[in-house]
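A short worksheet on the structure shown next.
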Amino acid sequence: MGTQDVQPPIIHFDSLDKILSLGRANSLWPMTFGLACCAIEMMATGASRFDLARFGAEVFRPSPRQCDVMIVAGTISKKMEPAVKTLYDQMPEPKWVIAMGNCAISGGPFVFEGQYGIVEGADKFLPVDIYIPGCPPRPEALIEGILELEEKVTGFRRWPRVEAK
Amino acid sequence: MNGFLQQDLNQETFTLNLGPQHPATHGVLRVKLVMDGEYIVEAEPVLGYIHRMHEKMGENRTWAKFLPNCGRMDYLSALSYNHGYVAAVERAAGIEVPERAEYLRVITVELNRISSHLLWFGAFVLDLGGFTPLLYAFDDREQILDLLESVTGSRLTYCYFRFGGVYNDIDDAFITGTRAFIKRLRKRMPMYDALVTKNIILIKRLKDIGPISKDMARRYGATGPVARGSGINFDVRRHEPYSVYPEFDFDIPVYEEGDSMARYMVRMDEIEQSMRIVEQALDKLPEGEIKPKKAVKMVKPEKGDYYHAVEAARGSFGVRLVSDGTNSAYRLKLRSPTYSNLSLFGEAARGMLLPDALALMGSLDLVIPEIDR
Amino acid sequence: MLQQPLLDHLYVAAFFLGGLLMAVGPFIIAHIFAPRGTRNISNKTKQFIECGVEPIGDAWIRFGIVYYLYALIFLAFDVDVLFLFPVALAYDTGLVMRDFVEIVIFVGILSLALVYAWKKGVFKWERKTYSPR
Amino acid sequence: MLLAKIKEALSSLYEDIQEAPEEPAIEEAAAEAVPEAEAAPAPEAPAEEGGAAQDAEAETEEPEPAPPPGPKEMDYKAKGFHLDVALEPEKVVAAAEILNRENFFIEAITGVDWIDEQQLEVVYDFNHFAELCRVVVRARLDRSNPEIPTISHIYQGANWHERETHDFFGIIFTGHPNLEPLLLPEDADFHPLLKDFKA
Chain B
0 MGTQDVQPPI
10 IHFDSLDKIL
20 SLGRANSLWP
30 MTFGLACCAI
40 EMMATGASRF
50 DLARFGAEVF
60 RPSPRQCDVM
70 IVAGTISKKM
80 EPAVKTLYDQ
90 MPEPKWVIAM
100 GNCAISGGPF
110 VFEGQYGIVE
120 GADKFLPVDI
130 YIPGCPPRPE
140 ALIEGILELE
150 EKVTGFRRWP
160 RVEAK
Chain F
0 MNGFLQQDLN
10 QETFTLNLGP
20 QHPATHGVLR
30 VKLVMDGEYI
40 VEAEPVLGYI
50 HRMHEKMGEN
60 RTWAKFLPNC
70 GRMDYLSALS
80 YNHGYVAAVE
90 RAAGIEVPER
100 AEYLRVITVE
110 LNRISSHLLW
120 FGAFVLDLGG
130 FTPLLYAFDD
140 REQILDLLES
150 VTGSRLTYCY
160 FRFGGVYNDI
170 DDAFITGTRA
180 FIKRLRKRMP
190 MYDALVTKNI
200 ILIKRLKDIG
210 PISKDMARRY
220 GATGPVARGS
230 GINFDVRRHE
240 PYSVYPEFDF
250 DIPVYEEGDS
260 MARYMVRMDE
270 IEQSMRIVEQ
280 ALDKLPEGEI
290 KPKKAVKMVK
300 PEKGDYYHAV
310 EAARGSFGVR
320 LVSDGTNSAY
330 RLKLRSPTYS
340 NLSLFGEAAR
350 GMLLPDALAL
360 MGSLDLVIPE
370 IDR
Chain E
0 MLQQPLLDHL
10 YVAAFFLGGL
20 LMAVGPFIIA
30 HIFAPRGTRN
40 ISNKTKQFIE
50 CGVEPIGDAW
60 IRFGIVYYLY
70 ALIFLAFDVD
80 VLFLFPVALA
90 YDTGLVMRDF
100 VEIVIFVGIL
110 SLALVYAWKK
120 GVFKWERKTY
130 SPR
Chain A
0 MLLAKIKEAL
10 SSLYEDIQEA
20 PEEPAIEEAA
30 AEAVPEAEAA
40 PAPEAPAEEG
50 GAAQDAEAET
60 EEPEPAPPPG
70 PKEMDYKAKG
80 FHLDVALEPE
90 KVVAAAEILN
100 RENFFIEAIT
110 GVDWIDEQQL
120 EVVYDFNHFA
130 ELCRVVVRAR
140 LDRSNPEIPT
150 ISHIYQGANW
160 HERETHDFFG
170 IIFTGHPNLE
180 PLLLPEDADF
190 HPLLKDFKA
């Protein structure tokens, strides 16, 4: 694991960090990285009805250099694993990973005794920040995941939490 | 690059990866392109980046346990895949399906076909550079997803069909909702037609781009809108009548030009035809059972191999199952249409400009997990 | 009236500095506020972006001359516009008619280059096939 | 009727097995409900091949009591295909050429691992655009070294099907342009769909 230690920025004090993380939390640029069925729900979330733009996250950047969040939406097969590692490395700091769907969390419906093709879960080789269960998770679940990540980045939750009545 | 030496060309070529993570491939397809400037000298799709072992799972699960997998191969027209698998097992085990269940199957499959074509329409024009049609198409598609969710319970990866019938009956809200949706979509299609189909930029980007001749489509086994765009009148619903399709009258749009514009027009006309089928099916919906009286628990088809093909949104999806009399398949082969449709990309994209090759790939309407299975 | 030209030069210098700041500023801000280095798993941070896989071969190859000619034409007109800026500053100070004629001649000669390039077929973007294909 | 024509054309492949001739089994072509000829012009029948139509039945090496070798007509409603042609691996290319001349297209190539008979079976599915006639060509290979000639020079679509079957079963398609793993990682050396495959 070639983890390079990440030094803090040159100018770095507490209140500045608060302001920067507030800005970062409300403009999370995800990477267009749809693998399978969850990618379609991710597109539906970005489209007109569920509209991820309300939370600042609708700019799906194709190049890893320009994005903050890698939403692993789908099954990671053993042939795709080196590509996922490369993409994760090429993302600039600060970066986060959302494991969307059961396949990204634990291999989902494709885990059976004697399976040869998939990596059972993104956290086998990626530091995952947010897990969104579901197969595929509904767009609302993805939006809740984005809000959860915003809370993790800034420390407080700006949007009302949905109470299960 | 099989046997393509660099020195053959005094003009150097470079190899470009239209890689697994690329907005235009709509999934994890990688195409190794040998380029001379902007012209493609050699295109070789590389698959397997989302191979999920569906056929291996077919062997170590019982017939009923494989049902959720059907919805996860081609998740855009998942109900056609449910239909293909369930009909194949019914043919093998000789299970009868009540009349009303067949009608429900046709209604939900055709609605699913419309939603698949709408998503293809949005994504295809997005590949060519227009972002707004995607938002309109997804808005319509959400209406269908609401309707199908009220009946099947899921939005995308349906598991609605059972051996011998369907899981849930439809209620009046579904019927009125579907009729209202069809009326609304009929008002919006002229808008898509005027804004996008007659748009000079789209016509310039699609006319005579990626010609696929009738013979090339036959040699590669291309089916569905890709074949019908090249003048081949082949639609499994009409060619190999199954379920209750013979009772509806709908026509098969066939275009002779064989370029990306023809394939685009075939799919846009098919949306209209599917709406006609749904309307006729709703009018003639018989009463009666939707499931066999005694639930079909142990399915044990006799030994031998069986084949059943259905018309999925992308072509003829065939299921070849070899059963050895036990309650799980001895071998389950899933013939996916996009697998053959994409295999002609290597020959069709030779000598094209890169942006035109992306227009061709978009017109093939690819769903990668269905190719890799 | 020494101040007037000096003042003009100050304006141009101010705009130049503003432009420079606008260009280099984000780099400085990013360098200061962003954490340095990035976590990586397989040390692929410095690798070129090629959709997640190893780039095959090298991109420093000889390619069609068409791109170079296109860039040349752009350069000609870019410099042309560059000269028009100071002219716009001192346009109606002297004889108006003289300035107008001068500009027309200046732009006319430069557009001759465009006509020449057009005739040479720079804008026809068809493939220059060197290979015996 | 395309089915009868193709059945007779394919049965010509069996004529060279000349052993004890038996009286040919008479199977009258079951009257299928073939849909009315499509708008597409039906392919004009190629010149009728010579050769007497009667099949010289002969024992083939199948262990169970050998049904008369030759294209067997199947009940489409029950099985899903019209013609089942069991051939030796070498004859598959000839069969593909015949079918190609009749404008059939290839639907799929399936591998089946009969482990208890120590055999690997390759099943080719052919279908026709104009008239409904699904022909299944199958060939049995010895499991220890499964070799079968490729048909990718006739049907380019078979190129990927063959590479995939090679991926999953290890069947060598001799003469295939590049028989590298297609769905499995490039350096995969295991064949997952074999019955004795351990992950």
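Sequences listed follow chains B, F, E and A, in order. Using numbering that gives the first Met the number 0, read the first sequence as starting at 0 and increasing by one per residue. Using numbering that gives the first Met the number 0, read the second sequence as starting at 0 and increasing by one per residue. Using numbering that gives the first Met the number 0, read the third sequence as starting at 0 and increasing by one per residue. Using numbering that gives the first Met the number 0, read the fourth sequence as starting at 0 and increasing by one per residue. Ideal Cβ placement from N, Cα and C applies to all residues, glycine included.
Rounded to the nearest angstrom, the gap between the Cα atoms of I231/F and D258/F is 13 angstroms. Around E147/B, the same chain offers I129 as residues with beta carbons nearer than 6 angstroms, after the five sequence neighbours per side are excluded. Approximately 23 angstroms separates the beta-carbon atoms of G116/B and I131/B; this is outside 8 angstroms, ruling out the contact.
Contact check for G113/B and A198/A: beta-carbon distance about 4 angstroms, within the 8 angstroms limit, so the pair qualifies. Around I181/F, the same chain offers M274, V277 and E278 as residues with beta carbons nearer than 8 angstroms, after the five sequence neighbours per side are excluded. Under a criterion of Cβ atoms nearer than 9 angstroms, the residues of chain E adjacent to E92/B are, in order, A33, P34, R35, G36, T37 and R38.
Taken in chain order, the complete alpha helix (DSSP H) segments of 4 residues or longer contained in the segment 248-320 of chain F are 259-282. If you look at N16/F, you'll find it in the beta strand (DSSP E) that goes F13 to L17. Against chain B, a Cβ distance below 9 angstroms from Q46/E picks out T85, D88 and Q89.
When Cβ-Cβ separations below 9 angstroms define contact, R64/B makes no contact with chain F.
In the three-state reduction of the DSSP assignment, H21/F falls in the strand class, which pools E and B. At a cut-off of 9 angstroms between beta carbons, F172/A makes no contact with chain F. In the structure shown, the three-state DSSP call for D145/F is helix. In this structure V110/B is exposed. Its beta-carbon is surrounded by fewer than 16 other beta-carbon atoms within 10 angstroms.
The beta-bridge partner set that DSSP reports for Q65/B is empty. With a threshold of 16 other beta carbon atoms within 10 Å, S14/B falls short and is exposed. For the 9 angstroms CB-CB criterion, I97/A and S11/A form a contact. If you draw a straight line from the Cα of C102/B to the Cα of T74/B, it comes to about 5 angstroms. Membership of M34/F in the beta strand (DSSP E) is indicated by the continuous run R29 to D35.
Non-local C-beta neighbours of N99/A in its own chain, meaning closer than 6 angstroms and more than five positions away in sequence, comprise I153, ordered along the chain. Any Cβ of chain E closer than 9 angstroms to the Cβ of R204/F would place that residue at the interface, and such an atom is absent.
Closest in C-alpha terms to R218/F, from the list N68/F, P368/F, L341/F and E271/F, comes L341/F. Looking only at D355/F, A348/F, T337/F and G361/F, the smallest Cα-Cα distance to R372/F is reached by T337/F. The C-beta of V52/E comes closer than 9 angstroms to at least one C-beta of chain B.
Judged by beta-carbon spacing, I108/A lies beyond the 9 angstroms limit of H190/A, meaning their Cβ atoms are not closer than that value. Residues of chain F whose Cβ lies closer than 8 angstroms to the Cβ of M79/B are, in chain order, P19, V27, Y48 and I49. Within chain E, not a single residue places a beta-carbon under 9 angstroms from that of F344/F; the smallest gap is close to 17 angstroms. Each residue's CA atom was taken as its position, placing E148/F and E40/B some 14 angstroms apart. The count of Cβ pairs closer than 8 angstroms, one atom from the segment 213-227 of chain F and one from the segment 301-316 of chain F, reaches three, so the stretches are in contact. By the neighbour-count criterion, in which a residue is buried when 16 or more other Cβ atoms sit within 10 angstroms of its Cβ, N144/A is exposed. Close to K197/A, with beta-carbon spacing below 9 angstroms, are these residues of chain B in chain order: G113.
Rounded to whole angstroms, the separation of the alpha carbons of F128/A and S229/F is 12 angstroms. Counting only the Cα atoms, S47/B lies some 43 angstroms from A328/F.
Counting only Cβ-Cβ distances below 9 angstroms, R48/B has contacts in chain F at F137, D138 and E141, in chain order. Contact of P135/B with chain F is assigned, a C-beta pair being separated by under 9 angstroms. Nearest CB-CB separation between D13/B and chain E: not below the 9 angstroms threshold.
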